[in-house]
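Residue numbers (my numbering): 6 to 280.
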């Protein structure tokens, strides 16, 4: 199942879809050299037009906004008293870069997750649950992401007894199952859930389905609100679109597999909504 999820994730990348369509257009032109060759050429022009639109129009930001706005911002300082702990999902660390730099922690674009882990340890007495191993199908590294982050936090002087790690899960679907296997106490109580804002709907759906009651703590906002047309930020907007396409696709894929109870989980549907 993990291999299937990885394949779907790859297929949901717009660059792969557009490249396949462009090559299909080339094949049509090659096979139909006569009057029907125009259809292949038209398909290729449509692909090129789509690429230009994705580079210069804020389509990615507009697709990310509903994901990021699904759950409201959460202030840990004022709300920590109602929580029994905080869960931080993996995805912030570049494992291979970290291994290639003698184990020094190398974070990527989702580094806000690690910063929030530091905030939890600094500003509350809550236990911190780190989840995430290595998501690679092959050539997996020796140490998982959660263990690497825990090691770094220990080096910063934080109390290691408060840091719980689970380094076997490889994706969003596996996080709650692996956490419950390692820490059965998560079946009761209420836990903060830290992940990127665009990823929060799918994460909440999976955790609620598993029976872990969570309060979303979204971080790492990516959309660029307030701009109608963005020139000079083509690559950034393309990355946003690719991110949004994969996440929307992931929501439908998880619902189809029964990993979530709703296509687009919301605060109203959350088990912890009334707590």
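All C-beta atoms, glycine included, are put in the ideal place defined by N, C-alpha and C.
Taking the continuous beta strand (DSSP E) assigned at residue 169, which residues delimit it? For the purposes of this step, residue 169 is taken as the residue at position 164 of the chain shown. Where residue 169 is concerned, the enclosing beta strand (DSSP E) stretches over 168-171.
Relative to the C-alpha of residue 255, which candidate in 269, 244, 245 has its C-alpha closest? Walking along the chain shown from the start, residue 255 turns up at place 250. Cα-wise, what sits closest to residue 255 is 269.
On a Cα-Cα basis, can you pick out the residue from 91, 20, 41 that is closest to residue 194? Looking up residue 194 in the chain shown gives position 189. Taking only the C-alpha atoms, the option nearest residue 194 is 91.
Quick check on residue 134: does DSSP put it in helix, strand or coil? One-based indexing of the chain shown puts residue 134 at position 129. In this structure, residue 134 counts as strand in the three-state DSSP scheme.
From the beta carbon of residue 220, is the nearest beta carbon of chain D less than 7 Å away? Checking the listed chains, one finds no chain D in this structure; it contains a single protein chain.
Please report the distance separating the alpha-carbon of residue 85 from that of residue 131. Counting from one through the chain shown, the residue named residue 85 turns up at place 80. Counting from one through the chain shown, the residue named residue 131 turns up at place 126. Looking at the two C-alpha atoms, the distance is approximately 8 Å.
Residues near residue 207 by beta carbon distance below 8 Å, same chain, minus five either side: Taking the first residue of the chain shown as position 1, residue 207 is located at position 202. Within the same chain, residue 207 has close Cβ partners 177, 252, 255, 256, 259, 265, 270.
Does the stretch 239-250 come close enough to the stretch 53-64 that 3 or more CB-CB pairs lie under 8 Å? yes
Backbone CA spacing between residue 181 and residue 27 [nearest angstrom]: As a position in the chain shown, residue 181 is number 176, starting the count at 1. As a position in the chain shown, residue 27 is number 22, starting the count at 1. Their Cα atoms are separated by approximately 40 Å.
Given this structure, state the Cα-to-Cα distance separating residue 201 from residue 76, to the nearest angstrom. Against the chain shown, residue 201 aligns to sequence position 196. Against the chain shown, residue 76 aligns to sequence position 71. Approximately 11 Å, taken between the alpha carbons.
What would DSSP say about residue 259, mapped onto helix, strand or coil? Translated into the one-based positions of the chain shown, residue 259 becomes position 254. Note: residue 259 maps to helix in three-state DSSP.
Taking Cβ positions, are residue 221 and residue 205 nearer each other than 7 Å? Locating residue 221 in the chain shown gives position 216, where the first residue counts as 1. Locating residue 205 in the chain shown gives position 200, where the first residue counts as 1. Yes.
Are the CB atoms of residue 156 and residue 137 within a distance shorter than 7 Å? One-based indexing of the chain shown puts residue 137 at position 132. One-based indexing of the chain shown puts residue 156 at position 151. No, the pair does not count as a contact, with Cβ atoms beyond the cut-off.
Which residue wins for smallest C-alpha separation from residue 128, given the options 44, 82, 215, 102? On the chain shown, residue 128 is found 123 positions in, with the first residue counted as 1. Looking at the Cα atoms, 82 is the closest of the given residues.
Alpha carbon to alpha carbon, how far is residue 167 from residue 248? Give it in angstroms, no decimals. By 1-based counting over the chain shown, the position of residue 248 is 243. By 1-based counting over the chain shown, the position of residue 167 is 162. Their Cα atoms are separated by approximately 33 Å.
Residue 197 - containing beta strand (DSSP E), residue span: Residue 197 sits at position 192 when you count from the first residue of the chain shown. Where residue 197 is concerned, the enclosing beta strand (DSSP E) stretches over 196-201.
In the DSSP output, what is residue 90 paired with across the bridge? By 1-based counting over the chain shown, the position of residue 90 is 85. Residue 90 is bridged to 196.
Report the residue from 164, 250, 70, 103 whose alpha carbon sits nearest the alpha carbon of residue 123. As a first step, residue 123 is located in the chain shown; it is residue number 118 there, counting from the start. Comparing Cα positions, the closest option is 164.
Sequence-distant residues of the same chain with beta carbon closer than 7 Å to residue 34, five excluded per side: In the chain shown, the residue the question calls residue 34 occupies position 29. So the list reads 42, 45, 46, once near-sequence residues are dropped.
Which one of 227, 196, 228, 152 has the shortest CA to CA distance from residue 216? Here residue 216 refers to the residue found at position 211 when the chain shown is read from its first residue. For residue 216, the nearest C-alpha among the options comes from 196.
Determine, using beta carbons only, whether residue 78 and residue 97 come nearer to each other than 7 Å. On the chain shown, residue 78 is found 73 positions in, with the first residue counted as 1. On the chain shown, residue 97 is found 92 positions in, with the first residue counted as 1. No, they are not a contact pair.
Since residue 219 is in the alpha helix (DSSP H), which residue starts that stretch and which ends it? Against the chain shown, residue 219 aligns to sequence position 214. No alpha helix (DSSP H) holds residue 219; the beta strand (DSSP E) holding it covers 219-224.
Roughly how many angstroms lie between the CA atoms of residue 210 and residue 37, to the nearest whole one? In the chain shown, the residue the question calls residue 210 occupies position 205. In the chain shown, the residue the question calls residue 37 occupies position 32. Whole-angstrom Cα-Cα distance: 48 Å.
Check this for me: beta carbons of residue 191 and residue 219, under 7 Å apart or not? As a first step, residue 191 is located in the chain shown; it is residue number 186 there, counting from the start. As a first step, residue 219 is located in the chain shown; it is residue number 214 there, counting from the start. Against a cut-off of 7 Å, the Cβ pair of residue 219 and residue 191 comes out as no contact.
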